[in-house]
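**Q**
Residue numbers (this note's numbering), protein chains in the order written: chain A, 1 to 332; chain B, 1 to 294.
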């Protein structure tokens, strides 16, 4: 594993190098080499890392924070540095390189849904180190363990969920459930890792039924369109009806006002005239009668009979346009 | 002095050699099995510095949790449905003595685990319906208790025979056999078609409801407006009638005269022929002169 740093390389081994030195100076050289060996045990843990120190194989310091530290060299102490905060990612259900090359093995991403539909699901899990000591020493391969835990929770969750929910509403719930349960499994294995996110990157129906799934999406879109159109119709209709109603109301008010005004006018005029009539009824009546006759009679044909004369009806009926003959004779 | 130093050196070298032969450190990731002429003497579990006799030797065993991840295999459920199941086994060496005597290495251990788990799983699945593994009904799919029992059984067997601790047995994938898939795809397509029809029908229903509601609302609005407008017109007519009545009743005979004359103006037009007697009120003056006016 890339992040697992080996112990510091052994720089100096006092016994091996000291042999060829002259006898007389050996104690001094030996002392120097011993001092060098001791001093070279100083090391730095960078800011993005933490370290675990073991002494004779046993954990002496389970979590060494960034800074300058000192450790005795092999064979006494070893230092394992870890990039604890770095997120690592792993893919479950079809590897990304395979997908990129287009040679995905369909079975590797197939999951069985609760209503026995097959679905291709690809999930990306991100995780980081929580407990460096466990991360390093408890499991043979943390990533493999994590993959298994996530995959089994995913399979279990999908096997309890109908396909439509997986494709639509339940996605986030599935991610959360898988994350929680897989984390619990990992804690049970003391894997020392924290899953920070489970993300369903891809969930698609199998190619053999993909067109039918698309047809459903199309049908849903059609249904939404129909409803929208109907709402558009309603939205256009109601205001127009309100307008029509307002128009009816206004017309009625106008009619009412007009009718009353006209009546008032007529009544006022009549009252004025009637007042005058009351002063001289006979004369006024005669005048009104005669005036009216003056207006009417010029337009119409008139036959005037003497007080005892009889009417020759044929004269009237023969020709409406002919001027009446006072002699009673018929024109030739 | 030189000889003394030589002895000191020899003694130091001997001490180092002795330390090298009898001291050993055990790492966190491993067990040490101390053997004496090939016979296991004791297991060292704790990491750290330990001592042994120089003539004893050590076998190392990785104690970390391992995953055994066999190829998928087909199982038959109680209701005679075939399922392709991938499972994994989380295990670790627990008893190095037994492990070295009965198994030896990791790949051999995996073979043994495969036998134990496969037969356990196959027996367990034989007592379960497919629905207990795969079901959309909430609470129906309950594979966990079965797997817990299986884990316990496998653990007991593996520990006793091989010194292996089975930490967990889990199903990591459920699938259908290849030969069943085509019929499943056909069923999925049929289901989708039904759902598509349902969506369309529901959309139409909703749209029709909305349209009908709008039409009803429109009718309500317009008819209510008609009702009001007729009432208003009636009020106008009534008021006008009242005004006319009030005015005309002051002088009914004059009204009658004027109104009759007005109606003559409308009724009598140029198509009308009127026959007048010279005795008529209008012509009396014409025929009788001044006396006619009296």
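Where a beta carbon is used, it is the ideal one built from N, C-alpha and C, also for glycine. This one's a predicted model, so the numbers in the text were calculated from it and none came from an experiment.
If you count every other CB in all the chains shown that lies within 10 Å of the CB of residue 219 of chain B, and 16 or more means buried, which is it?
**A** Within the second chain, residue 219 of chain B is the residue found at index 219, counting from 1. When all chains shown are included, residue 219 of chain B counts as exposed.
**Q** What number of angstroms, rounded off, separates the C-alpha of residue 55 of chain A from the C-alpha of residue 80 of chain A?
**A** In the first chain, the residue the question calls residue 55 of chain A occupies position 55. In the first chain, the residue the question calls residue 80 of chain A occupies position 80. Computed Cα separation, rounded: 12 Å.
**Q** Under the rule that 16 or more other beta-carbon atoms within 10 Å means buried, what is residue 15 of chain B, buried or exposed?
**A** What you label residue 15 of chain B is simply residue 15 of the second chain in a count that begins at 1. Flag for residue 15 of chain B reads exposed.
**Q** If you check the beta carbons only, do residue 110 of chain A and residue 120 of chain A fall under 7 Å apart?
**A** Translated into positions along the first chain, residue 110 of chain A becomes position 110. Translated into positions along the first chain, residue 120 of chain A becomes position 120. Cβ distance < 7 Å, so residue 110 of chain A and residue 120 of chain A count as in contact.
**Q** Could you say which of A:68, A:201 and A:51 lies nearest to residue 60 of chain A if we only look at CA atoms?
**A** As a working mapping, residue 60 of chain A is identified with position 60 in the first chain. Among A:68, A:201 and A:51, the Cα nearest to that of residue 60 of chain A is on A:51.
**Q** With 7 Å as the threshold, decide whether the Cβ of residue 15 of chain B is near any Cβ in chain A.
**A** In the second chain, the residue the question calls residue 15 of chain B occupies position 15. False, the Cβ-Cβ gap to chain A never drops below 7 Å.
**Q** Could you tell me which chain A residues have their CB closer than 8 Å to the CB of residue 258 of chain B, listed as they occur along the chain?
**A** Sequence index remark: in the second chain, residue 258 of chain B carries index 258 (1-based). Chain A residues near residue 258 of chain B: 270, 273 and 288.
**Q** Identify, in the order they occur along the chain, each residue of the same chain with its Cβ nearer than 6 Å to the Cβ of residue 155 of chain B, setting aside the five sequence neighbours on each side.
**A** The residue given as residue 155 of chain B occupies position 155 in the second chain. Hits under 6 Å: 166.
**Q** Would you call residue 111 of chain B buried or exposed, if buried means 16 or more other Cβ atoms sit within 10 Å of its Cβ?
**A** Translated into positions along the second chain, residue 111 of chain B becomes position 111. Per the 10 Å Cβ criterion, exposed.
**Q** In the DSSP assignment, the beta strand (DSSP E) including residue 62 of chain A goes from what residue to what residue?
**A** Looking up residue 62 of chain A in the first chain gives position 62. That run of the beta strand (DSSP E) goes 58-64.
**Q** Closer than 6 Å by C-beta to residue 247 of chain B: which residues in its own chain qualify, once you throw out the five before and the five after it? Chain order, please.
**A** Indexing the second chain from 1 puts residue 247 of chain B at position 247. Around residue 247 of chain B: no qualifying Cβ.
**Q** The alpha helix (DSSP H) that contains residue 188 of chain A, what's its start and end?
**A** Position 188 of the first chain, counted from the first residue, corresponds to residue 188 of chain A. Unbroken alpha helix (DSSP H) run through residue 188 of chain A: 171-188.
**Q** Out of curiosity, what's the CA-to-CA distance linking residue 237 of chain A and residue 215 of chain B?
**A** Counted from its first residue, the first chain places residue 237 of chain A at position 237. Counted from its first residue, the second chain places residue 215 of chain B at position 215. Straight-line Cα distance between these residues: approximately 8 Å.
**Q** In terms of residues, what are the limits of the beta strand (DSSP E) holding residue 128 of chain A?
**A** In the first chain, counting from the first residue as 1, residue 128 of chain A sits at position 128. Per DSSP, residue 128 of chain A belongs to the beta strand (DSSP E) from 118-129.
**Q** Of the residues that make up the stretch 138-149 of chain A, which ones have a beta carbon closer than 9 Å to any beta carbon in chain B?
**A** Listed by position along the chain: 138, 139, 140, 141, 144, 145, 147, 148 and 149.
**Q** Which class does residue 191 of chain A belong to by DSSP, given the choice of helix, strand or coil?
**A** As a working note, residue 191 of chain A is residue 191 in the first chain. It is coil, neither helix nor strand.
**Q** I need the boundaries of the beta strand (DSSP E) containing residue 38 of chain B, first residue and last residue.
**A** Taking the second chain and counting its residues from 1, one reaches residue 38 of chain B at position 38. Taken as a continuous stretch (DSSP letters only), residue 38 of chain B belongs to no beta strand (DSSP E), as it is neither H nor E.
**Q** Mark residue 248 of chain A as exposed unless 16 or more other C-beta atoms lie within 10 angstroms of its C-beta, in which case mark it buried.
**A** The sequence position of residue 248 of chain A within the first chain is 248, counting from 1. Classification of residue 248 of chain A: buried, given that the 10 Å Cβ count is 16 or more.
**Q** If we define contact as Cβ-Cβ less than 7 Å, is residue 99 of chain B a contact residue for chain A?
**A** Reading the second chain from its first residue, position 99 is the one you call residue 99 of chain B. Chain A contact via Cβ: absent.
**Q** Going along the chain, which residues of the stretch 180-203 of chain B sit with their C-beta nearer than 9 Å to a C-beta in chain A?
**A** Within the stretch 180-203 of chain B, the residues whose Cβ lies closer than 9 Å to some Cβ of chain A are 181, 182, 184, 185, 186, 187, 188, 189, 190, 191, 192, 193, 195, 196, 197, 198, 199, 200, 201, 202 and 203, listed in chain order.
**Q** Would you say residue 304 of chain A faces chain B, with C-beta separation under 7 Å as the test?
**A** Working through the first chain from its first residue, we reach residue 304 of chain A at position 304. Cβ-Cβ to chain B under 7 Å: yes for residue 304 of chain A.
**Q** Give me the Cα-Cα distance between residue 87 of chain A and residue 66 of chain B, rounded to the nearest whole angstrom.
**A** Translated into positions along the first chain, residue 87 of chain A becomes position 87. Translated into positions along the second chain, residue 66 of chain B becomes position 66. Rounded to whole angstroms, residue 87 of chain A to residue 66 of chain B spans 23 Å at the Cα level.
**Q** Mind checking which residues open and close the alpha helix (DSSP H) that includes residue 176 of chain B?
**A** If you number the second chain from 1, residue 176 of chain B lands on position 176. Neither: residue 176 of chain B is in no alpha helix (DSSP H) and is coded neither H nor E.
**Q** Among residues of its own chain, excluding the 5 on either side of residue 2 of chain A, which ones have a beta-carbon nearer than 6 Å to its beta-carbon?
**A** The residue given as residue 2 of chain A occupies position 2 in the first chain. Annotation note: pLDDT 39 at residue 2 of chain A (below 50); position unreliable, no value reported.
**Q** Do the CB positions of residue 302 of chain A and residue 270 of chain B come within less than 7 Å of each other?
**A** Locating residue 302 of chain A in the first chain gives position 302, where the first residue counts as 1. Locating residue 270 of chain B in the second chain gives position 270, where the first residue counts as 1. No, the pair does not count as a contact, with Cβ atoms beyond the cut-off.
**Q** Residue 136 of chain B versus chain A: which residues are under 8 Å apart at the beta carbon?
**A** Residue mapping note: residue 136 of chain B aligns to position 136 of the second chain, counting from 1. Simply 113, 114, 115, 160, 161 and 162.
**Q** Which residues bound the alpha helix (DSSP H) around residue 254 of chain B?
**A** Position 254 of the second chain, counted from the start, is the residue given in the question as residue 254 of chain B. It spans 252-267 - the alpha helix (DSSP H) in which residue 254 of chain B sits, taken as one unbroken run.
**Q** Name, please, each residue of chain B whose Cβ falls closer than 7 Å to the Cβ of residue 41 of chain A.
**A** As a first step, residue 41 of chain A is located in the first chain; it is residue number 41 there, counting from the start. Per Cβ cutoff of 7 Å: no residues; residue 41 of chain A is ~17 Å from chain B at best.
**Q** Please list the terminal residues of the continuous beta strand (DSSP E) segment that includes residue 60 of chain B.
**A** Position 60 of the second chain, counted from the first residue, corresponds to residue 60 of chain B. It spans 56-62 - the beta strand (DSSP E) in which residue 60 of chain B sits, taken as one unbroken run.
**Q** At a cut of 8 Å, does the stretch 177-184 of chain A reach the stretch 148-163 of chain A through at least three beta carbon pairs?
**A** Yes, they touch.
**Q** Just to confirm my understanding: we take residue 333 of chain A, look at its own chain, exclude 5 residues before and 5 after, and list those with CB closer than 7 Å. What are they?
**A** Outside the shown range of chain A, which is 1 to 332, sits residue 333 of chain A, and nothing can be said about it.
**Q** Below 8 Å, how does it come out for the stretch 259-270 of chain A and the stretch 235-244 of chain B: are there three or more Cβ pairs, yes or no?
**A** Taking 8 Å as the limit for Cβ pairs, the verdict is that the stretch 235-244 of chain B does touch the stretch 259-270 of chain A.
**Q** According to the neighbour-count rule (16 or more other Cβ atoms, all chains shown, within 10 Å of its Cβ), is residue 48 of chain A buried or exposed?
**A** For the purposes of this step, residue 48 of chain A is taken as the residue at position 48 of the first chain. Its Cβ having fewer than 16 others within 10 Å, residue 48 of chain A is exposed.
**Q** Do you know offhand how far residue 24 of chain B's Cα is from residue 53 of chain A's?
**A** Within the second chain, the letter at position 24 stands for residue 24 of chain B. Within the first chain, the letter at position 53 stands for residue 53 of chain A. Using only the alpha carbons, I get a separation of about 18 Å.
**Q** Distance, Cα to Cα, residue 90 of chain B vs residue 37 of chain B?
**A** The residue labelled residue 90 of chain B in the question sits at position 90 within the second chain. The residue labelled residue 37 of chain B in the question sits at position 37 within the second chain. In a straight line, the C-alpha of residue 90 of chain B is about 33 Å away from that of residue 37 of chain B.
**Q** Mind reading off the beta-carbon distance from residue 83 of chain B to residue 174 of chain B? Whole number of angstroms is fine, and I expect it under 8 Å.
**A** Translated into the one-based positions of the second chain, residue 83 of chain B becomes position 83. Translated into the one-based positions of the second chain, residue 174 of chain B becomes position 174. Contact flag correct, Cβ pair sits at about 6 Å.
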